[in-house]
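Worksheet: one structure, shown below.
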Amino acid sequence: MTQGLDSKKSQNLDSKNALDSTNKKIKVLAGAGSNNTIEAIELAKFAQTCGADAILSVTPYYNKPTPSGLIAHYKAIAKAVDIPIMLYNVPGRTGCDISPELAMQLFTEIPNIYAIKEASGIIERVITLASLESNKVIESKTKKDSNLKVLSGDDLLNYSILTYGGSGVISVTGNLLPDKISAMTESALNGDYKAAQKISNELYEINKILFIESNPIPIKAAMWLSGLLPTLEYRLPLCAPSGENMKKIEQTLRKYEVLK
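In terms of UniProt numbering, the sequence shown is residues 1 to 260.
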């Protein structure tokens, strides 16, 4: 399980390992983000060369580019590769925010961009995007889909985002309970919101506990406790959960019968 933006080398290795293990039987979305546009382009090119179906490109972190800088950044990446690009908006971690209006501008102007992983934690963002979607006109003949797909990047908001027109989820909890997350998502996408809400409510406690410390610290601990990871290892500056939090994670896993 990757820890994300550790280094270009580790991102490349994670992408290649994922692609090799799936043998093209399932689609692979490869992480290829950086706050250095040249490095982001190199990551995107490597992902495409390895056979990735699309890339997930987080906003440049720390250096806080302007909207004009973000547009130029994503246009440069899109020019370098042919595969689809999913934007990743997580301002709480990056210090850089893609507003709904900017997301629609990027989608309209850049043919490769097809989706956004929205992890701002603000449900109004999705409502605003839905409103902008209903009032826009896409003139580009290169767009295969006239709608920007919005995917939830926050497990506590998965159900809400799906009910406001979200196209899917990218889930932390899904690493541990893929069947539950899949069933909730499929139910919502098929219009069975009652069933989706029931599953969402059932998942509330585990969704909370998996963010008791900074992600991905708790999920890696949970996967190790459940036998999905052979060892519990972190790359500094991330480290193992506190003893108290590890007990809380274990108790929650037993409650959800992940551990017997």
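Heads up, the beta-carbon is just placed ideally off N, CA and C, and yes, glycines get one too. None of the values given here were measured: they were computed from a predicted structure.
Range of the contiguous alpha helix (DSSP H) that encloses residue i
i: S182; result: P178 to L189
i: I161; result: N158 to T163
i: L253; result: G243 to K255
i: N207; result: Y204 to I209
i: R93; result: P91 to T94
Buried versus exposed call for residue i [16 or more other C-beta atoms within 10 Å across all chains shown]
i: D154; result: buried
i: E118; result: buried
i: C239; result: exposed
i: P237; result: exposed
i: P230; result: exposed
i: I38; result: exposed
i: L232; result: exposed
i: T252; result: buried
i: Y204; result: exposed
i: Y256; result: buried
i: W189; result: Here residue 189 is Leu; the residue named in the question, Trp, does not match the sequence. Its Cβ having fewer than 16 others within 10 Å, L189 is exposed.
i: T173; result: buried
Span of the beta strand (DSSP E) around residue i
i: I31; result: According to the sequence shown, residue 31 is Gly rather than Ile. Counting along the chain, the beta strand (DSSP E) containing G31 begins and ends at L29 to G31.
i: A54; result: A54 to V58
Closest Cα partner of residue i within the set the options
i: N158; options: K194, M184, E133 and I38; result: M184
i: K25; options: T108, G51, T37 and S34; result: G51
i: T163; options: I209, L177 and A130; result: A130
i: I170; options: K247, I116, I127 and I123; result: I116
i: M246; options: A222, V58, S200 and G227; result: A222
i: A72; options: G174, L106, V90 and T49; result: L106
i: P241; options: G191, G95 and I217; result: I217
i: I206; options: S68, P178 and G191; result: P178
i: Y234; options: E244, G227 and I219; result: I219
i: I111; options: D82, L176 and Y256; result: Per the sequence shown, residue 111 should be read as Pro rather than Ile. Of D82, L176 and Y256, the residue nearest in Cα terms is D82.
i: S57; options: Y88, N35, L176 and Y256; result: Y88
i: L228; options: T128, I122, G95 and L176; result: L176
Where residue i falls: helix, strand or coil (DSSP)
i: G153; result: coil
i: N215; result: coil
i: G168; result: strand
i: L43; result: helix
i: I122; result: coil
i: L70; result: helix
i: Y193; result: helix
i: K260; result: coil
i: N112; result: coil
i: I85; result: strand
i: K75; result: helix
Beta-carbon contacts of residue i that lie in its chain and below 7 Å, excluding the five residues immediately before and after
i: R125; result: P100 and E118
i: N147; result: E133
i: I41; result: A76, I77 and A80
i: K149; result: Y114, A115 and S167
i: K248; result: I209 and I212
i: E250; result: L225 and L259
i: K27; result: D53
Own chain partners of residue i with C-beta closer than 6 Å, once the 5 adjacent residues on each side are dropped
i: I55; result: A30, A32, A44, A47 and I85
Same chain, Cβ closer than 8 Å to residue i, neighbours up to 5 away in sequence not counted
i: K260; result: R254
i: E202; result: K180
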